[in-house]
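Laid out in structure tokens, this is it:
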């Protein structure tokens, strides 16, 4: 043991140098400079943690979590932690405790049984069970899905845990995650803090926040789509877009059902990078993830609703076997419900001078 500590002591300068190198290498400014793109990237990275699980290095992202989205068949429903509006700083300690729990260890161990199994998650009861019945497995393979919104079924290989398995547990058993507008609000709030303003305090009167309440609980897509003087409508031609602009996706009733935030617009290579939190995505991307729009850089006057754009983000059912999204990708979703105006882009007025200051000081 003494030799071990002497080794650490002798190599302390080397370890420190390596650590400094890794910090430097991971610095967002290496790619994004010191303007608003870097600030948004910093905010985005707070939603991820890396941990060794089942002997594997697994990247954990905050799950998507929206209250009451799966309680349609029940007389009662359940709430996710902080109503799906919790910050990463609030949620990660809770998640770490879940990952350290005896039940999670039992769950992870069961995934290495060496045989195919069907996992049944009872979300309101926060319980999981396993079926190894050949009939249940055969039905899953034949796409005869027996799950319910509040009781999803998942077919596993028995070959160990994957990122999607961790997500399933955190969402179904842990009841932790963030909804789309909670994610966008958290990014906007982070931008505000970097520019010296408390966005929640600034907008509390507009949001109608009671004294002592968390402003995040009062922000949704309806606010971003409102007639509030704090919301600036942006002509969605690409030349008009800016980092921190909010992309809104409409619902069949004309309201807005989903929101995302633009991180960067590369006018040279024709790429828009936007960030969002949703579970209608490929399994490894459910929760917080990045998405892209490809456009012809010689034509920045094109609207986001133009079908010539390539939206790379595909949409899938949250759990394989459930009803697929009616849209194949985000572009189709943005263009949908044109009778109500389709998607739109807005900007938060309170952050305009903040972003200008951040960009001036880059």
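In our numbering, the protein residues as written are 4 to 365. Just so it is clear, CB atoms sit at the ideal spot from N, CA and C, and this is done for glycine as well.
Drop a sphere of 10 angstroms on the beta-carbon of residue i, count the other beta-carbons inside from all chains shown, and report buried for 16 or more, exposed for fewer.
{"i": "residue 112", "result": "exposed"}
{"i": "residue 254", "result": "exposed"}
{"i": "residue 161", "result": "exposed"}
{"i": "residue 334", "result": "buried"}
{"i": "residue 230", "result": "exposed"}
{"i": "residue 211", "result": "exposed"}
{"i": "residue 238", "result": "exposed"}
{"i": "residue 219", "result": "buried"}
{"i": "residue 130", "result": "exposed"}
{"i": "residue 228", "result": "buried"}
{"i": "residue 311", "result": "exposed"}
{"i": "residue 199", "result": "exposed"}
{"i": "residue 44", "result": "buried"}
{"i": "residue 289", "result": "buried"}
{"i": "residue 298", "result": "buried"}
{"i": "residue 147", "result": "exposed"}
Using CA coordinates, which residue listed in the options is at the minimum distance from residue i?
{"i": "residue 106", "options": "173, 67, 272", "result": "173"}
{"i": "residue 72", "options": "183, 297, 332, 344", "result": "183"}
{"i": "residue 215", "options": "222, 209, 225, 204", "result": "204"}
{"i": "residue 257", "options": "263, 57, 224, 298", "result": "224"}
{"i": "residue 85", "options": "74, 67, 341, 210", "result": "67"}
{"i": "residue 40", "options": "298, 282, 278, 241", "result": "278"}
{"i": "residue 270", "options": "284, 247, 292, 242", "result": "242"}
{"i": "residue 34", "options": "267, 144, 95", "result": "267"}
{"i": "residue 287", "options": "30, 115, 63", "result": "63"}
{"i": "residue 252", "options": "246, 245, 260", "result": "260"}
{"i": "residue 190", "options": "132, 148, 143, 265", "result": "265"}
{"i": "residue 197", "options": "32, 46, 291, 330", "result": "46"}
{"i": "residue 110", "options": "150, 94, 57", "result": "57"}
{"i": "residue 99", "options": "88, 138, 65, 121", "result": "65"}
{"i": "residue 181", "options": "240, 295, 291, 296", "result": "291"}
{"i": "residue 246", "options": "133, 289, 302, 357", "result": "357"}
{"i": "residue 240", "options": "303, 146, 137", "result": "303"}
{"i": "residue 301", "options": "88, 294, 274, 295", "result": "274"}
{"i": "residue 87", "options": "340, 306, 285, 280", "result": "280"}
My output table needs one value for residue i: the three-state DSSP class, helix, strand or coil.
{"i": "residue 131", "result": "strand"}
{"i": "residue 112", "result": "helix"}
{"i": "residue 125", "result": "strand"}
{"i": "residue 67", "result": "strand"}
{"i": "residue 60", "result": "strand"}
{"i": "residue 355", "result": "helix"}
{"i": "residue 144", "result": "helix"}
{"i": "residue 95", "result": "helix"}
{"i": "residue 101", "result": "helix"}
{"i": "residue 34", "result": "helix"}
{"i": "residue 157", "result": "strand"}
{"i": "residue 305", "result": "coil"}
{"i": "residue 137", "result": "helix"}
{"i": "residue 120", "result": "strand"}
{"i": "residue 46", "result": "helix"}
{"i": "residue 83", "result": "coil"}
{"i": "residue 54", "result": "strand"}
{"i": "residue 361", "result": "helix"}
{"i": "residue 325", "result": "strand"}
{"i": "residue 41", "result": "helix"}
{"i": "residue 167", "result": "helix"}
{"i": "residue 253", "result": "strand"}
{"i": "residue 22", "result": "Interpretation of residue 22 is limited by its pLDDT of 47, a score under 50 that renders its predicted location unreliable; the figure taken from the coordinates is listed afterwards. Residue 22 falls in the helix class under three-state DSSP."}
{"i": "residue 162", "result": "coil"}
{"i": "residue 90", "result": "coil"}
To which residues of the same chain is residue i closer than 8 Å at the C-beta, ignoring the five residues directly before and after it?
{"i": "residue 61", "result": "53, 54, 55, 164, 165, 166, 169"}
{"i": "residue 77", "result": "127, 153"}
{"i": "residue 101", "result": "107, 172, 173, 176, 177, 179"}
{"i": "residue 235", "result": "349, 350, 351, 352, 355"}
{"i": "residue 119", "result": "135, 140, 158, 159, 160, 161"}
{"i": "residue 332", "result": "314, 315, 316, 317, 318"}
{"i": "residue 42", "result": "193, 194, 197, 361"}
{"i": "residue 115", "result": "57, 161, 162, 163, 164"}
Excluding the five sequence neighbours on either side, which residues of its own chain have a C-beta within less than 6 Å of the C-beta of residue i, listed in chain order?
{"i": "residue 308", "result": "338, 345"}
{"i": "residue 155", "result": "124, 322"}
{"i": "residue 80", "result": "71, 74"}
{"i": "residue 366", "result": "No statement about residue 366 is possible, as the shown extent of the chain runs from 4 to 365 and does not include it."}
{"i": "residue 12", "result": "With a pLDDT of only 42 at residue 12, under the threshold of 50, the placement of this residue in the model should not be trusted, and no figure is reported."}
{"i": "residue 262", "result": "183, 184, 187, 224, 227, 249, 251"}
{"i": "residue 296", "result": "275, 312, 314"}
{"i": "residue 31", "result": "41, 44, 45"}
So, at 7 Å on beta carbons, what are the nonlocal neighbours of residue i in its own chain, with the 5 sequence-adjacent residues on each side left out?
{"i": "residue 326", "result": "320"}
{"i": "residue 5", "result": "Note that residue 5 scores 42 on pLDDT, short of 50, meaning its location in the model is unreliable and no value can be drawn from it."}
{"i": "residue 365", "result": "36, 37, 38"}
{"i": "residue 328", "result": "283, 318, 319, 320"}
{"i": "residue 49", "result": "91"}
Runs of beta strand (DSSP E) wholly within the region 264-303 (minimum 3 residues, chain order) = 274-281, 290-297
Beta strand (DSSP E) runs contained entirely in the region 172-245, provided each spans 3 or more residues = 234-237
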